[in-house]
Structures are given as structure tokens and as C-alpha cells.
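In UniProt numbering, the protein residues as written are 1 to 332. Written below as C-alpha cells is the structure these notes are about.
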């Protein structure tokens with residue numbers, strides 16, 4: 001086998017590893033509120049999320065096509081296999097670092113920043129598809145603000161609907177609703193986040209001249225869905241603790257409102273083929289819900305740390321990927 005084929009196999013392995021890590025890194029986001037309110041036991045929630053992530057990952061491919069061609073054009077990318085491999089190593093490293101410290105950072109930001117950084121390192125700033133890249137950046141930047149506003153409105157609606165209800169009895173019933181909203185959120189997570197690994201593998205196949213179009217092959221879809229489902233089954237308890245309790249004290253009504261709002265935004269992005277950070281959307285929804293209930297109820301110091309991680313992920317992952325590309329280029 002020639003070197004390009006070896007590199008392509010390595011990319012597939014690393015892409016599936018990224019998807020696996022993304023599964024246990026981001027599982028917490030989808031189920032944190034249902035676990036913190038005891039609507040679901042942690043292990044039950046994780047298994048449910050794994051199944052729904054798998055189903056969601058198999059259902060759509062539009063986001064994968066966006067990732068495969070809108071950041072850089074794989075058809076004109078020199079040393080494309082090395083660029084993609086460097087990006088994956090960088091994104092995986094950042095995901096593991098933030099998971100270890102229990103920080104709900106964005107796998108999407110890490111991957112997209114890494115692709116851009118590695119590509120620039122290989123071919124300069126002109127290699128970026130600025131139209132597509134800016135469209136992706138707009139989605140990543142605007143979605144948390146939309147989520148905060150949506151969370152505020154959703155919680156306000158819940159308050160109106162439950163105005164004359166006994167809060168204790170309502171919360172008991174809403175725990176059952178939370179099971180459904182957590183499942184829905186896990187499904188939408190799969191429809192968006194799993195697509196990113198699919199897009200990376202497709203980029204690698206195109207760069208290695210093993211594929212001529214941007215269609216997502218069936219084996220790629222099944223492999224990525226399986227990797228994310230398996231990763232989800234492991235879970236990320238450290239991040240569950242941060243998202244589910246450290247941002248604000250979550251009650252069933254808060255959790256259901258945040259989950260429903262997050263699922264609507266993530267699924268809306270999937271339908272228009274845009275990758276968003278599920279981490280950002282879910283954390284921002286919780287902040288919006290908390291603001292609607294009581295501004296002081298949100299632990300803003302924790303929120304600031306999360307936002308700071310959002311901000312630094314792109315430049316750090318891009319820089320790391322650029323360095324990794326240069327190192328790989330020396331050896332290959």
C-alpha cells in the first residue's frame with residue numbers, strides 16, 4: 001500500500017476515535033438536566049442517549065456535506081491527508097483535555113478550528129473557503145445567543161402554563177416529560193454532531209482520490225453512528241456535574257424547558273445543514289431558562305468560565321493543529 005492509503009486508513013481510525021470521544025464528551029450535555037432532577041438514573045439516561053444518538057446519526061447527512069467542502073475544498077488541497085490527520089489529532093487532544101477537567105467545551109469549535117489551522121499551515125490563508133467558513137462561524141457564534149433568548153422565552157411560557165398549578169405536583173409530572181425531552185435532545189445531537197466525523201472521512205476519501213463526489217457513503221454513516229453511540233454509552237460524568245448543577249439549580253420544569261429549546265435549535269440547524277455546538281446551545285439554554293426564573297439564580301462565575309472556554313477553543317485548536325501539521329510534514 002502507498003503512503004496516501006496508509007494515511008487515509010489512519011484518518012478513518014482517528015475520525016471514529018473523535019466521534020467516540022465526542023460521544024462521551026457531549027453525552028453529558030444531552031442528559032445532564034434529566035439526571036440532575038432525577039427524572040432518569042445516570043446509567044439509564046446514558047443508554048437512552050446512546051440509542052437516540054445512533055438513530056439521529058443515521059438519519060441525516062447535510063451537515064456532513066457542509067463539513068466536507070465548506071471549510072476547505074478537498075479537491076484542491078495539497079497534502080490533504082496530512083491536513084485532515086493533523087486536524088483530528090488536535091481536536092481529539094483538546095476534547096480530552098477539557099473532558100479531563102470537566103469543562104463543557106465545544107467539539108465542533110475544536111474540529112472546525114483544527115481543520116482551518118492545519119489547512120492554513122499547509123497552504124496559507126488563501127486555502128480557506130471563506131464564504132462557507134464564515135457561514136459556519138456565524139452559526140457557531142449566533143446559536144448560543146439564540147439559545148439564551150429561546151431558553152428565556154420557553155421558561156416564560158412554562159411559567160404561564162403552570163401559573164395556577166401546584167408546583168410540587170407539576171414538577172413530579174414534568175419529570176416524565178423530561179424523559180421525552182432528553183431523548184429528543186439526544187436524537188438531535190446525533191443528527192448534528194455525528195455528521196462532523198462523517199464529513200471528515202469523506203474529505204479524506206476525496207483527498208486520496210478514493211471518491212469523486214461529496215455523497216456520504218453508507219459504511220461511513222454506519223461507522224460514525226456506531227462510534228458515537230458507543231462513546232455515548234460510556235458517558236461523561238464530570239461534565240454532567242458542571243452542566244447539570246453548577247450553572248444553576250435545576251428543577252424538572254427548568255430542565256424540560258432547556259431540553260426542549262435546545263433540541264429545537266439543534267434540529268433547526270441540522271435541517272439547514274449547519275454545524276452548531278451542541279455544548280454551547282445546551283449550556284446557553286440553561287442560562288436563558290435560569291434568567292427567566294431569577295437572574296441571580298444563575299451562577300455567573302461558572303457561566304463566565306464556560307464562555308471563556310468557548311472563546312479560546314477556536315484559536316487554541318487552530319494553533320495546535322498548525323503545529324501538528326508541521327511536525328507530521330517533517331516525518332511524512
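Virtual Cβ for every residue (Gly too), placed ideally from N, Cα, C. In this text, all values refer to a predicted model and were calculated from it rather than measured experimentally.
> Does DSSP put residue 162 in a helix, a strand or coil?
Replying inline: Coil, per DSSP.
> Would DSSP call residue 276 helix, strand or coil?
Replying inline: DSSP, read as helix, strand or coil, puts residue 276 in coil.
>> Here's the rule: buried if 16 or more other CB atoms are within 10 angstroms of the residue's CB, otherwise exposed. What is residue 244?
In response: Low per-residue confidence applies at residue 244: pLDDT is 46, beneath 50, and the placement is therefore not dependable enough to give any value.
> Do residue 250 and residue 44 have their C-beta atoms closer together than 7 Å?
Replying inline: Their beta carbons are not under 7 Å apart, which means residue 250 does not touch residue 44 by this criterion.
> In or out: residue 342 buried (at least 16 other Cβ within 10 Å) or exposed?
Replying inline: As shown, the chain starts at 1 and ends at 332. That puts residue 342 outside it, with no answer to give.
> Relative to the C-alpha of residue 94, which residue among 78, 80, 112 is closest?
Replying inline: For the residues 78, 80, 112, the minimum Cα distance to residue 94 belongs to 112.
> Do you know whose CA, among 200, 326, 64, 115, lies nearest residue 273's CA?
Replying inline: A check of alpha carbon separations from residue 273 across 200, 326, 64, 115 identifies 64 as the nearest.
> By a C-beta neighbour count over all protein chains shown, 10 Å radius and 16 as the cutoff for buried, is residue 364 buried or exposed?
Replying inline: Look at the range of the chain in this structure, 1 to 332, and you will see that residue 364 is not part of it.
> Got a sec? Which residues, its chain only, sit under 6 Å from residue 42 by beta carbon, not counting five neighbours each side?
Replying inline: Only 35 meet the Cβ criterion.
> Buried or exposed: where does residue 325 fall if 16 or more other Cβ atoms within 10 Å of its Cβ makes it buried?
Replying inline: So residue 325 ends up on the buried side.
> Is it right to say residue 309 is buried, meaning 16 or more other beta carbons lie within 10 angstroms of its own, or is it exposed?
Replying inline: So residue 309 counts as buried.
> According to the neighbour-count rule (16 or more other Cβ atoms, all chains shown, within 10 Å of its Cβ), is residue 3 buried or exposed?
Replying inline: When all chains shown are included, residue 3 counts as exposed.
>> I want to know whether the segment 251 to 262 touches the segment 110 to 128 - three or more CB-CB distances under 8 Å.
In response: No: fewer than three Cβ pairs fall under 8 Å.
> What three-state label does DSSP hand residue 63 in the structure shown?
Replying inline: Reduced to three states, the DSSP call for residue 63 is helix.
> So, helix, strand or coil for residue 128, using DSSP?
Replying inline: Note: residue 128 maps to strand in three-state DSSP.
> What's the C-alpha gap between residue 92 and residue 312?
Replying inline: Between residue 92 and residue 312, the alpha-carbon positions lie close to 16 Å from each other.
>> Please report the straight-line C-alpha distance between residue 9 and residue 285, rounded to a whole angstrom.
In response: Note on geometry: alpha-carbon atoms of residue 9 and residue 285 lie some 38 Å from one another.
> What alpha helix (DSSP H) runs, 4 residues minimum, are completely inside the segment 79 to 127?
Replying inline: List check, alpha helix (DSSP H) in window: 80 to 100, 107 to 123.
>> Less than 6 Å between C-beta atoms, sequence neighbours within five positions excluded: which residues of the same chain meet that for residue 281?
In response: Contacts found: 143, 147, 262, 265, 266.
> How about the segment 215 to 230 and the segment 194 to 204: do they share at least three Cβ pairs that are nearer than 8 Å?
Replying inline: Contact between the segment 215 to 230 and the segment 194 to 204 is present: 3 or more CB-CB pairs across the two stretches fall below 8 Å.
> What residues in its chain sit with their C-beta under 7 Å from that of residue 6, if we drop five residues either side in the sequence?
Replying inline: Around residue 6: no qualifying Cβ.
>> Which same chain residues end up closer than 7 Å to residue 343 when comparing Cβ atoms and leaving out the 5 residues on each side of it in sequence?
In response: Look at the range of the chain in this structure, 1 to 332, and you will see that residue 343 is not part of it.
> Closest by CA to residue 24, which one among 97, 231, 71, 81?
Replying inline: Ranking 97, 231, 71, 81 by Cα distance to residue 24 puts 231 first.
> Rounded to a whole number of angstroms, what is the C-alpha to C-alpha distance between residue 304 and residue 331?
Replying inline: Note on geometry: alpha-carbon atoms of residue 304 and residue 331 lie some 41 Å from one another.
> What's the gap between the Cα of residue 159 and the Cα of residue 185?
Replying inline: Between residue 159 and residue 185, the C-alpha separation is close to 21 Å.
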